[in-house]
Amino acid sequence: MLPYSFVLILVLAIGICACPFSNSADAAQTYSFSVEYERLDVFVLKDGSVDIDYSFNMTNYGYLDGVDIGLPNKYYDLDSAEATIIVNGLEYAPALIHESPYVDIGVAVEFTSTVMALIDSTGTPFRLDFHINNPHMVYENELVEGTAGIAMRPTWFGSEYQVGPTGELTARVFFPDGFVNASDAVYLEGQPWDEIDIDPTTGLLVATWTASNVYPAGIESGEYDFGAGFPKEFVDSYVSYTIWDSIADFFASLVELACLCTPILGIAGFMFLMYMIDRASKAAKRKDYFNPTIGVIGSGPRRDLTAVEAAVVLERPLEVVATMILFGLVKKGLVRIDSDQKPMKLTKLAAKGEHPYETEYLKAIGPDGRLNRTHLEGTLVDLIKATEMKLDGFNYRHTKTYYQEICSVAWRQVKDAGTPEEFASVLSDKHEWMMLDNHYETQMRHYFFAMPYIYVPLTHFAYGNAAPAAHMSPHQLASSYATSVRNASNNVVSNFKSMANEVSGKTNPVAASTYSGSYLKGGGGFGGVGGGCACACACACACAGGGR
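Per the working numbering, the very first residue in the sequence shown carries number 24; after that it's consecutive.
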C-alpha cells in the first residue's frame, strides 16, 4: 500500500506505576475478567481536537468495582468524559468518572453498587462504552511538509487480571471532515492500516487496523500502535514538536525517575539512542511504489491478477517483480538465460509475450543480450500503473488478503505432494505464487527438510531448463530455486536499488521525495520525531504525537 511516509518516534520512558483494578490490596487479588473485544474509534475534528471512543466487551469472573482506561496524554478534557455500562441489554450510568489513581495518565470509570451486583456472578458479560475529548492530539509532521497527524497505543489491562487474550482489537481513525483523498493520507511507520475507505455511516474517510487474540503484553510493547496523517489545512490547529523537544522530555523523565531507576539510566539512554538510529535507518531505506485508488466499503477483491501483478499489489521488492517477469518468460520458452552473472546475459526467443509487461520486458533486451536499464524502468513503471488501474473499484485490503492466501495455498500444495515426481512438478507449477512470500528465500531453504522421500527427479529448474538425468533431495531442489531467484534479483541490472528509487519517484513521487535509499517492501511509515508523551505505566497507556 502506498500512503506517503509520516514519521513518528514514540519515546518510551521507563517508569513504575500501579496497574488498573487495584482498589485495595485484598480486592485486587480477586480481579479476574476476560476481554472479548476492544474497539477504539478516534475522530479527528476540525478544531484540532480528537474524540476518543472506546467500547469494551468483557466477562467478569471476580470482584470488579470499576475500569481504568489509559489515555494518550495529560491534556484530556475530563469534563467531556462519558461512560455507559450495558448489562443484560440495559444501560447504566457510572457512579463516578474521575482521574485514575492507579494509572499515571488515565480515567477511572467507577461502577455503582447496582452494576457491581449485576456482574458479581462468575461469567457475567457486560459492555463498557467510554467517550472523551482531547484537544492536544494533532501534531505537525515535519518530515512531510504541510501535513499533521495523530498516533496512539490502545489501552490494555494488567495481564495478572485479564484472563487470556483480547479476542478482537480494532482501531479506527476517522480523518477530518472534507478530507477524502486517501493517496494523501499517511500512516505510522511499520504499522500500515488494514483498510482505508469511505465510511458509509459518517461519510468520512476512515483507516482501520484489526487484530485477533491480542495479549496485553503485545499492546504494551507497541506492536499494535497505530496512527494517521493528512494535509494540515483540514484542521484549525495542531501542535508543533521537534526532535529536541522529544529528547528533552525523555531525559527529563529519566531525571524525575532517577531515585528509582539510577542503575539503568545509562542503559536506557543507550537504548533510546539505538532506537532513534534504527528508526532513522529504516525510514531512509523505506520506499513505496504502489498507490491504489480508494475503494468502497463492501467491494471485493480483484481475483484475476497474474502472479506478477499480485506481487505489485503486495509490494514485493521491485527486483523480485522483475525476476518474476523473467522467470515467466523463460518458463514459456520466450527467453533463455545464458549467464546469471552481473550483468545477466539473455537470448530473446520471441518478440511478443502474453502480457503487456512481458512484451515490454522483451523489448528491453538489447542485441548484446543485456537489459536496457531505461527500458526496464519504463516496463516496471507501466506495470505498476496498470495494476493500480486494475484495482479501481475493488477493495485493496481484500485483494491483498486474497493473494496472500493463494501464496499460502501454493506452499501447502508443494509440501503436501505425495510423490517425488509430484513434488518437482508442483514446485515448478506453483513457484511464481510462492515468490509472493515475504520470507521466500528463508522458506525455500528450510521449509522442505522433512519430506517423506529422500530424492526427487530433476525435471525443472527455476530457469525452466531441463536438468540432467540425476536427482536431488527436496531441500536441495528448493534451495536451487532460491539461489536462482537471488542471482537473478541481484544481477538483472547493475545497481537495481537505485533504479527502484527512480521507479518509485515516477509512480509515487511524494513518497519517493521524502526519503532516499534502497527500496524495501511494504508501505510507508511514520518514523521520525514527534510524540510528546512518554508512556510510563505498565498497565494502560496510549502515546500520541504527530512529528517528523
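Think of the CB as a built atom: it goes at the ideal place given N, C-alpha and C, for glycine as much as any other residue.
It should be emphasised that the depicted structure is a prediction, and the values quoted were computed from it without experimental measurement.
According to the Cβ coordinates, are residue i and residue j closer than 9 Å?
i: Ala-194; j: Thr-233; result: yes
i: Leu-349; j: Val-336; result: no
i: Gly-146; j: Asn-83; result: yes
i: Gly-93; j: Val-126; result: yes
i: Val-479; j: Pro-497; result: yes
i: Leu-151; j: Ala-106; result: yes
i: Cys-430; j: Met-467; result: no
i: Phe-56; j: Val-138; result: no
i: Ser-123; j: Asp-91; result: yes
i: Tyr-470; j: Pro-443; result: no
i: Phe-149; j: Ile-108; result: yes
i: Asn-236; j: Gly-190; result: yes
i: Leu-192; j: Tyr-60; result: yes
Hey, quick one: how far does the beta strand (DSSP E) through residue i stretch, first residue to last?
i: Val-343; result: From DSSP, Val-343 is part of no beta strand (DSSP E) but of the alpha helix (DSSP H) over 341-354.
i: Met-175; result: 170-175
i: Asp-452; result: Counting along the chain, Asp-452 falls outside any beta strand (DSSP E), though it belongs to the alpha helix (DSSP H) covering 443-457.
i: Leu-113; result: 113-115
i: Val-209; result: 209-211
i: Tyr-261; result: Premise fails: Tyr-261 is in no beta strand (DSSP E) and is neither H nor E.
Write down the C-beta distance between residue i and residue j rounded to the nearest angstrom, noting that I regard them as a contact closer than 8 Å.
i: His-154; j: Asp-102; result: Between Asp-102 and His-154 the Cβ distance is about 12 Å, and since that is not below 8 Å, they are no contact.
i: Glu-383; j: Asp-415; result: Contact flag wrong, Cβ pair sits at about 21 Å.
i: Lys-255; j: Thr-170; result: 6 Å
i: Ser-196; j: Ala-251; result: Checking the sequence shown, residue 196 turns out to be Val, not Ser. Right, the Cβ-Cβ distance comes to about 4 Å (below 8 Å), so this counts as a contact.
i: Ser-244; j: Thr-346; result: Not confirmed; about 35 Å, so no contact.
i: Ala-333; j: Leu-459; result: 6 Å
i: Glu-246; j: Thr-231; result: 17 Å between Cβ atoms; not a contact.
What does the Cβ neighbour count give for residue i, buried or exposed, with the cut at 16 atoms within 10 Å?
i: Asn-531; result: buried
i: Ala-374; result: exposed
i: Glu-377; result: exposed
i: Gly-548; result: Low local confidence applies: a pLDDT of 29 at Gly-548 is under 50, so the model's placement there is unreliable, with the coordinate-based value given in what follows. Buried: at least 16 other Cβ atoms inside 10 Å.
i: Ala-104; result: buried
i: Ala-116; result: exposed
i: His-159; result: buried
i: Lys-365; result: exposed
i: Arg-420; result: buried
i: Gln-214; result: buried
i: Thr-537; result: Low local confidence applies: a pLDDT of 39 at Thr-537 is under 50, so the model's placement there is unreliable, and no value is given.
i: Ser-527; result: buried
i: Glu-168; result: exposed
i: Glu-411; result: buried
i: Thr-178; result: buried
Locate the alpha helix (DSSP H) running through residue i, then write down its first and last residues.
i: Ser-521; result: 519-530
i: Leu-403; result: 396-413
i: Gly-241; result: 239-243
i: Glu-428; result: 419-438
i: Ala-251; result: Segment 249-254 is the beta strand (DSSP E) holding Ala-251; no alpha helix (DSSP H) there.
i: Tyr-380; result: 379-387
i: Leu-141; result: 136-141
Determine which residues share a DSSP beta bridge with residue i and list them.
i: Lys-368; result: Ser-362
i: Met-495; result: Val-479
i: Gly-93; result: Gly-129
i: His-154; result: Asp-76 and Glu-105
i: Arg-195; result: Asp-64 and Thr-231
i: Thr-147; result: Asn-83
i: Val-58; result: Met-81
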